[in-house]
Structures are given as C-alpha cells and as structure tokens.
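Take a look at the structure set out below.
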Ligand SMILES: [Zn+2]
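Numbering (my numbering), first residue to last: 248 to 508.
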C-alpha cells in the first residue's frame, strides 16, 4: 500500500497531504505549555525529533517548525529588513513554516530553491547558482552546507550572488565540543555517516571552526546565539534548542571587499 502510494502520488503532492494531515492531527496536542511563533498556535507538547539523539518537544505539530526555524523567524522579525523592506531574498531548502510566511510578504522579491524540485518553487544547485553577481540583499541557508558535496564551492557561490552590504543567514549542525569540522572518507554509507556525523545524510559534521570556513569564502562572520538573547522564558516556551542547531552565522559582504575583488 505504501509502495503504491509512493508510486502514484508525486512527492510534492505527498508533502502537501502531510502538511494537511499534520494540521488536522495537531488538534490533539493543543494546550498552553509550548508556543510556536511560526504559526502562532500553542500546544501542550511539541513532537519529538531526531535520528541519533531524540530531541523532546522539537517540532511544532501544526506547521512543522523546528527549534532552529523558530529562532530564525524571531531573528528575521526583530533584526532584519526581510519582512519590511523591498529586498531580494534567496532561500535555500525552504522550511515549510518559514516559506508560508515569506511567500505572503508583499515587500519581498522572494526566490526559494532546492536541489530537489519537489521541495521548493525552483530547482537550484547551491554549488552552481544560475544568477548574476550581487543579485540578492539577503540569503537564508539553514542546514544545507553539511549536506553539500563541495562546501567551498557553495560558500563561494553564496558570496558571489550576495550584494555588497548584504547578509547571508547561515545555520548548520555544530559539534560544540569539536574545534575542527569532521570529514572522513570512512563515512561512505548512511549507517557510517550516522555513526560519524550523527545524521545519515550529512557529509560532514561542522565543528566550532565553521565561522572560519565561511570567512575563507570572503564573508565577515558574526556568530549569534539568538535563542539565549531572547531569554530563558521564551527559550523554554518556544522550545528554542540547545545551540547545536540554532546558532545563526550572520555573514556579511562588505562594500570594500566587493569593490576590490
Ligand atoms: Zn507552528
């Protein structure tokens, strides 16, 4: 039955049905303990999530937002011009809960893309972005660079298409105890990648040197623990994670560099 469903219903349709199904079944979790700032709804619990370590109260049962999605939306609303000014935004691997908000923003020139054409409005390879230099004022790229075969090439491309004075908001899974990103040829199967990188589809597990890897691509990088800045109460109520997945790497491209490159 499951095989037939997969064979005859497209991935895009299956995703739409899943979203609808979640919205209906989320009624059972309604309550006042947790609040999702992405859909504005409150629940007595969020769904658990994770392959290696199970994270309790990670996923909003209604819109599917994760800890990192909620942190990112708070940051976008409070600290950027993405929802207010006429800016050009390139969004990789759009999270459904964020996509739903950004798609509605009338001020925004919004291009959302994914390597899988079923997961975004347009298909795009981050290692070969088919856009001219300095095309975007903002880029959102959350939990993508750990999955990309050639990370250096991807970072170079992000830098190239970002306008001078623009900002790329980049997030990834970080092993906070490892000062060096782990990449090993031994991790050549999903099982081994799960063992080495804690997720079966990661191609590396970033360490605390992630900001340096971005700086090597030309960016000026500020590492922001925005969940902590929001305070303990909000961190708990909105379940904003433990910092392994939720740090925001605010990458800017200075006017000076772009003139001299
Ligand atoms: Zn939600």
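Quick reminder that beta carbons are idealized off the backbone N, C-alpha and C, glycines included.
Note that the structure is predicted; figures quoted are calculated from it, not measured.
- As DSSP reads the structure, residue 282 sits in a beta bridge with 289.
- In the DSSP assignment, residue 258 falls within the alpha helix (DSSP H) that extends over 258-272.
- Judged by DSSP secondary structure, residue 470 falls within the beta strand (DSSP E) whose first and last residues are 467-471.
- For residue 497, the three-state secondary structure derived from DSSP is strand.
- For residue 453, there is no enclosing beta strand (DSSP E), since its DSSP letter is neither H nor E.
- For residue 316, the enclosing alpha helix (DSSP H) begins and ends at 314-326.
- By the Cβ test, the region 487-495 is in contact with the region 314-322, since at least three Cβ pairs between them sit closer than 8 Å.
- Here residue 409 is buried. Its C-beta has 16 or more other C-beta atoms within 10 Å.
- In the structure shown, residue 305 adopts extended strand secondary structure according to DSSP, grouped into three states.
- Non-local beta-carbon contacts of residue 468 in its own chain, meaning distances under 6 Å to residues more than five positions away in sequence, involve 458, 461, 462, 496 and 498 in chain order.
- If you look at residue 408, you'll find it in the alpha helix (DSSP H) that goes 398-408.
- Under DSSP, residue 357 shares a beta bridge with 336.
- Looking at the DSSP output, residue 418 bridges to 389.
- DSSP, reduced to helix, strand and coil, places residue 277 within a strand of the structure shown.
- For residue 486, there is no enclosing alpha helix (DSSP H), as DSSP gives it neither H nor E.
- Here the residues close to ligand 1, judged by CB distance below 6 Å to any of its heavy atoms, are 283, 285, 286, 288, 307, 309, 310, 312 and 344 in chain order.
- At a Cβ-Cβ threshold of 8 Å, residue 451 and residue 430 count as neighbours.
- The region 411-426 and the region 344-362 do not touch, with fewer than three beta-carbon pairs separated by less than 8 Å.
- Excluding sequence positions up to five before and after residue 401, its CB lies within less than 7 Å of the CB of 373, 374, 392 and 395, all in the same chain and listed in chain order.
- Leaving aside the five residues that flank residue 303 on each side, the residues in its chain whose CB is nearer than 6 Å to its CB run, in chain order, 295.
- If you draw a straight line from the Cα of residue 266 to the Cα of residue 453, it is about 30 Å long.
- Secondary structure note for residue 295: its beta strand (DSSP E) is the uninterrupted segment 294-296.
- Put simply, the backbone Cα of residue 433 is about 20 Å away from that of residue 420.
- Around the C-beta of residue 474, 16 or more other C-beta atoms lie within 10 Å, and the residue is accordingly described as buried.
- A direct Cα-to-Cα measurement between residue 367 and residue 335 gives close to 17 Å.
- With contacts defined by Cβ atoms closer than 8 Å, residue 385 and residue 329 form a contacting pair.
- In this structure, DSSP gives residue 345 a helical state, which the three-state scheme calls helix.
- Residue state for residue 461 is assigned as helix, using DSSP reduced to three classes.
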